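Working notes, structure below.
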Amino acid sequence: SPRLHRREGGACLVGDCIHTVKPYFGLGVNSAFEDVTMLMDCLTECGEDAAKACQLYTERRAKDAFDLVRISRSFDRPGFWGTVQFVGPIILDSIFHKAFPAVFSPGTIRMLQNPDLTFNQVARIKRRD
1136 SPRLHRREGG
1146 ACLVGDCIHT
1156 VKPYFGLGVN
1166 SAFEDVTMLM
1176 DCLTECGEDA
1186 AKACQLYTER
1196 RAKDAFDLVR
1206 ISRSFDRPGF
1216 WGTVQFVGPI
1226 ILDSIFHKAF
1236 PAVFSPGTIR
1246 MLQNPDLTFN
1256 QVARIKRRD
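All residue numbers for the sequence shown refer to our numbering, where the first residue is 1136 and numbers rise by one.
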């Protein structure tokens, strides 16, 4: 997982600095709010030790940030086959989920917009499908 802070001092990266996503995901600002909330929780938990809070933030948030970027980039391939690879899974996810909801999860974009799922959980569920 990536490191989201400087080792010395208490500087952390949040928002688009760590996870630029495609606009059609509708997750840019929401994921930045999640970053800030996580960082605030870490600062509260670590008290005065900003360096420790930043390390804790990296440990808790880096995997989700990495998975969000990976998922976003998987939808963004150029040309005809890129379009097929983008639209195809959306159509297939919809068909399979409607036909067999106990077996197949909803589409990736829909799951990414579910506030009860982390980006890492979405990535694992879609790999299973």
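Where is the CB? At the ideal position from N, CA and C, for every residue including glycine. In this text the structure is predicted, and so the values were computed from the model without any measurement.
Reference residue i; option with closest CA among the options
i       : options                               : result
Gln1190 : Cys1147, Arg1262, Pro1250 and Met1246 : Cys1147
Tyr1192 : Arg1208, Asn1165, Met1173 and Arg1205 : Met1173
Leu1227 : Asp1184, Asp1264, Ala1185 and Ser1209 : Asp1264
Lys1261 : Gly1214, Gln1248 and Pro1241          : Pro1241
Val1149 : Ala1237, Phe1239, Arg1196 and Arg1205 : Arg1196
Thr1253 : Lys1187, Asn1165 and Asp1184          : Asn1165
Cross-strand partners of residue i (DSSP beta bridge)
i       : result
His1140 : Cys1147
Start and end residues, alpha helix (DSSP H) containing residue i
i       : result
Thr1243 : Thr1243 to Leu1247
Val1257 : Phe1254 to Arg1263
Which residue spans inside the segment 1152 to 1216 form an unbroken alpha helix (DSSP H) run of at least 4? If we require 4 residues or more, the alpha helix (DSSP H) runs fully inside the segment 1152 to 1216 come out as 1163 to 1181 and 1185 to 1209.
Does the segment 1169 to 1185 come close enough to the segment 1222 to 1234 that 3 or more CB-CB pairs lie under 8 Å? Not touching, per the Cβ criterion.
With a cut-off of 8 Å, do at least 3 Cβ pairs link the segment 1154 to 1166 to the segment 1200 to 1213? Touching, yes.
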